[in-house]
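Following my numbering, the numbering of the sequence shown begins with 4 at its first residue and continues without gaps.
Below is one structure, written out as structure tokens, with a few remarks after it.
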Amino acid sequence: MNKNREAYDSQALRRVLILGNGFDLAVGRRTIYKDFYDSKYCPKDYPAPLIKYLNERLGKALDKVRWLDLENALQEFAKEPSKDDYYSKDEEKIVKYYRTYSDFPQGEPQFWGDMVQNMLKEGKLQSSPSGGDPIFPYSDDYFKYTREQRDEIALKMIEKGLADYLDEVGERAHVQEAYVLGLLRNFLEDDNASVYSFNYTKVGSLITTDALKIREYDAKVQYMHGSLQDGHVIIGAKDGDYGDYDFVQKAFDSQFNPPRLLKNLMEADEVIIYGHSLGDCDSQYFEPYFRYLVTNFDNKDRKITIYTYDDASEIQLKKNLNRLTGNNLRSLYNNAFQIIKTCDSANSGR
4 MNKNREAYDS QALRRVLILG NGFDLAVGRR TIYKDFYDSK YCPKDYPAPL IKYLNERLGK
64 ALDKVRWLDL ENALQEFAKE PSKDDYYSKD EEKIVKYYRT YSDFPQGEPQ FWGDMVQNML
124 KEGKLQSSPS GGDPIFPYSD DYFKYTREQR DEIALKMIEK GLADYLDEVG ERAHVQEAYV
184 LGLLRNFLED DNASVYSFNY TKVGSLITTD ALKIREYDAK VQYMHGSLQD GHVIIGAKDG
244 DYGDYDFVQK AFDSQFNPPR LLKNLMEADE VIIYGHSLGD CDSQYFEPYF RYLVTNFDNK
304 DRKITIYTYD DASEIQLKKN LNRLTGNNLR SLYNNAFQII KTCDSANSGR
């Protein structure tokens, strides 16, 4: 048996399993950022500076975008000292004209025609199904709300859109990855174990078709940022000073109430992290734990295993761990610490 795939220690006093997006991908769910962005549920045409920023920042290399990149982009956008509005001043005149048929610049018809064509290409307006004047989505919001208000609305639209997209994807996966599902079942059936998910999707139906067991399994998973079964998902940045853009923080969400992950981590004998990159926006959950591991040497024989996908994700993971440990990554190996790449296994499901 591969030593990296050794049997789970069911006798561990306290165990914690943490699920990231890599878990959903391992079981065949189409939940990468590109899947959502390409769907009808992503608000790519809402007239808010935030949407313009995300389209430009993330929309050109979607295959490489991770969810942590979205949250990092929210954080960076909120700290921008100046934020260009969704429409330029000339584009705003076009929107206003087609809404009110006033102030049309008669002296520059070709200039305006070219701009309209560019706006069509950029998705800032849509062709009329009847062949009439262009349609400007959400133009009422553009003139009714301030930039900051539209940005807050945009973030809520992203959250709702993601929830709707995940609802359409459904609970069941297209690939049943034997190892990861066995790992999950093992933790869910262990009274000494806790399962935390940074995803929003339920897991019970991945393991069994028994309705009672599904409810039992799903009830044991603790969701860090909301879930589909709660009807609310939370996307955002870590704690910080964002001025008028404080609403980008997860903690400012009215339903933010994460379970006590850090306390469980500190007490755990074994921690398994599957498919979570430990990015900056979730550092408040992990930095105190990893700093403690590399600065305190107690008598507890701690076992930490992190599953990532391939060489590239392992390098990124180590960069994040180095930051979380205060540039002291080497000291993590004083524990029973290992990183396992799932692409090395025929059963990876990816």
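C-beta atoms are modelled at their ideal positions from N, C-alpha and C, and glycine is treated no differently.
Within the region 233-283, the complete alpha helix (DSSP H) segments at least 4 residues long are 264-270, listed from N- to C-terminus. In chain order, PRO46, LYS47, TYR89 and ALA157 place their CB closer than 7 Å to the CB of ILE54, counting only its own chain and leaving out the 5 sequence neighbours on each side. If only uninterrupted alpha helix (DSSP H) runs of at least 4 residues are considered, those enclosed by the region 66-115 are 70-82 and 92-103.
Of the candidates ILE318, ILE138 and TYR168, the residue whose Cα lies closest to the Cα of ARG32 is TYR168.
Just so you know, the alpha carbons of PHE300 and ASP244 end up roughly 34 Å apart. With fewer than 16 other beta carbons inside 10 angstroms of its own, ALA181 counts as exposed.
Excluding residues up to 5 positions away in sequence, nothing lies with its Cβ nearer than 7 Å to the Cβ of GLU59 in the same chain.
A straight line joining the alpha-carbon of ASP144 with that of ASN121 spans about 22 Å.
Between PRO140 and VAL119, the CB-CB gap reaches or exceeds 8 Å.
Here the alpha carbons of ALA222 and VAL19 stand approximately 16 Å from one another. Two segments are said to touch when three or more pairs of C-beta atoms, one from each, lie closer than 8 Å; by this definition the region 293-313 does not touch the region 75-94. Measuring C-alpha to C-alpha distances from THR328 to each of VAL172, TYR288 and GLU79 identifies TYR288 as the nearest.
Taking the Cα of GLY229 as reference, the smallest distance to any Cα among TYR101, PRO261, ASP154 and TYR100 is reached at PRO261.
Within its own chain, the residues whose Cβ lies closer than 6 Å to the Cβ of ARG188, once the five positions on either side in sequence are excluded, are ILE210, listed in chain order. In this structure ASP27 touches ASN202 by the C-beta definition: roughly 5 Å separates them, less than 8 Å. Under DSSP, SER42 forms no beta bridge with any residue. Taking 8 Å as the upper bound for CB-CB distance, GLY239 and LYS253 are in contact here, some 4 Å apart.
Beta bridge pairing from DSSP links LYS223 with no other residue.
Taking 3 residues as the shortest admissible run, the region 142-209 contains the following complete beta strand (DSSP E) segments, listed from N- to C-terminal end: 196-200. SER230 carries a strand assignment under DSSP once its states are collapsed to helix, strand and coil. Burial check for GLY282: the Cβ neighbour count within 10 Å reaches 16 or more, so the residue is buried.
The straight-line gap separating the alpha-carbon atoms of ARG305 and GLN129 is approximately 57 Å.
Residues of the same chain with a CB within less than 6 Å of the CB of GLN78, apart from the 5 flanking positions on each side, are ALA240 in chain order. For ALA51 and ASP154, the gap between their C-alpha atoms comes out near 5 Å. Taking LYS216 as the centre and dropping the five residues before and after it, the same chain places the C-beta of GLY207 and ILE210 closer than 8 Å to its C-beta, in chain order.
Membership of TYR292 in the alpha helix (DSSP H) is indicated by the continuous run 286-298. Counting along the chain, the unbroken beta strand (DSSP E) around ARG18 starts and ends at 18-22. Counted as a single uninterrupted DSSP element, the stretch harbouring GLN319 is not any beta strand (DSSP E) but the alpha helix (DSSP H) occupying residues 314-327. LEU65 and LEU73 do not touch by the CB rule: their CB atoms are close to 11 Å apart, not below 8 Å. Residues LEU22, PHE26 and TYR310 of the same chain have their beta carbon placed closer than 6 Å to that of TYR277, with the five preceding and five following residues left out of the count. Here the alpha carbons of PHE340 and LYS67 stand approximately 28 Å from one another.
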